[in-house]
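In full-length UniProt numbering, the protein residues as written are 1 to 289.
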C-alpha cells in the first residue's frame, strides 16, 4: 500500500496482504473495497478470478473466506465500483486468455463486458452477485409465463429464444426428483445443459456439446434457503450466457452456437417430479441508449 496527501508525493505504508500460493504465482487486476461489515479483495491470475473477504485494520488485510469470483469459464478482471446511490456494483470481462480460437477473436473482438451485478455478502461470509433491477428495462415483447406445474422425465418445453431473460422458481420440498436439467441454446445438434443435483446441492454447467465456445464442465455448490425454495435468473444474448442462482452464485459463459435454430429451452427432471412454482421467459431488447 502507498499513501499520499496530494496525489503527487507517495510513501510506502506496507504490504496489504500476502497469499499462500494456492491461487497461483501471478496476481493482477486487484480491487480492494469495503462491503457491508467486511472488506473484499479481488485479483486475477492464471486464467481465474478470485475474491477474498475479511477484515482490514488500516494497514493489513486478514482473509476469512476465499472463492472464485465467477464459477463459469468466461470471466476475468472483474471491476468494482459504487454508483451515486452507494450500491456496490461490478462488471467482468467475459473472455479469458485461453480463448484464441473463439469466433470473437477470429473476427477481431476480445470478448465483451457482462451485465452489471450488485454485490453482497452471503450468510456464509462469501461474495454474492445479483442482477441490478434496471435490467428489467431491457424487456422487449411479451413475457411467456408458466404457472405451477410438475416436471417429470418427459420434460417441459419452456420456449425458444437466444436473446431473453429466463427466471425459474422451484419448491424443493414439494419435489421428489433427485435432479433436473435445463437445456439452453438447444437444437438437434447441440445444447448447453445446466444440471442441479438436489442431494449434492450443486449446479453444473456443461458446454461440451455447445457450439464453438470453451467446452467443459463447471460445478459449484449452492446454498439452499431454509424454506427450500430455489431460484434461477438467466440471461441469454446470442453468444452470451449469465446464470444467477438465488444464493448469489454466478456462472458466465460465452457460447457460439453452430446453428441458427439452436434456440430451444427445455426442462427435464430425473428420479421423480420437480415442483415448479413459476417460469418466465422475457425477450430482451438492445441495451444501447
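Backbone N, C-alpha and C define an ideal beta-carbon position, used for all residues, glycine too. These figures come from a predicted structure and were not determined experimentally.
Contact set for residue i: own chain, Cβ-Cβ below 6 Å, skip 5 residues either direction
i           : result
residue 143 : 280 and 282
residue 29  : 44 and 77
residue 128 : 120, 122 and 248
residue 243 : 234 and 251
residue 220 : 71, 203 and 249
residue 156 : 267
residue 113 : 91
Contact check, residue i vs residue j, beta carbons under 9 Å
i           : j           : result
residue 284 : residue 247 : no
residue 53  : residue 17  : no
residue 250 : residue 180 : no
residue 111 : residue 95  : yes
residue 182 : residue 138 : no
residue 201 : residue 223 : yes
residue 255 : residue 196 : no
residue 65  : residue 124 : yes
residue 239 : residue 211 : yes
residue 69  : residue 32  : no
residue 92  : residue 79  : yes
residue 172 : residue 229 : yes
Residue i CB to nearest heavy atom of the ligand NAP below 8 Å
i           : result
residue 163 : As for the ligand NAP, it is missing from this structure, which has no ligand bound.
Same chain only: Cβ atoms within 8 Å of residue i, ignoring 5 sequence neighbours per side
i           : result
residue 273 : 150, 151, 152, 175, 176 and 177
residue 278 : 145, 146, 147, 148, 167, 168 and 169
residue 14  : 1, 59 and 60
residue 100 : At residue 100 the pLDDT is 48, less than 50, meaning the model places this residue with poor confidence; the figure from the coordinates comes in the next sentence. None.
residue 109 : none
residue 19  : 27
residue 87  : 118 and 132
residue 270 : 153, 177, 178, 179, 180 and 181
Same chain, Cβ closer than 7 Å to residue i, five either side skipped, listed in chain order
i           : result
residue 46  : 24 and 26
residue 115 : 131, 135, 235 and 242
residue 48  : 68
residue 12  : 2
residue 56  : 39
Residue(s) in a DSSP beta bridge with residue i
i           : result
residue 139 : 284
residue 165 : 235 and 282
residue 66  : 52
residue 31  : 42
residue 113 : 93
residue 2   : 12
residue 131 : 117
residue 82  : 88
Cβ separation of residue i and residue j, assumed to be a contact under 8 Å, to the nearest whole Å
i           : j           : result
residue 71  : residue 288 : With a Cβ gap of about 29 Å, residue 71 and residue 288 do not count as contacting.
residue 126 : residue 67  : 5 Å
residue 73  : residue 253 : 6 Å
residue 291 : residue 191 : In the structure displayed, the chain extends from 1 to 289; residue 291 sits before or after that span and is not available.
Cutoff 9 Å: residue i Cβ touching any chain B Cβ
i           : result
residue 234 : No chain B is present in this structure, which holds just one protein chain.
For the stretch 155-165 and the stretch 262-269, state whether three or more C-beta atom pairs, one from each stretch, are separated by less than 8 Å. Yes: the two stretches touch, three or more of their Cβ pairs being nearer than 8 Å.
Meets three-Cβ-pair contact criterion under 8 Å: the stretch 30-42 and the stretch 205-214: No, the stretch 30-42 is not in contact with the stretch 205-214.
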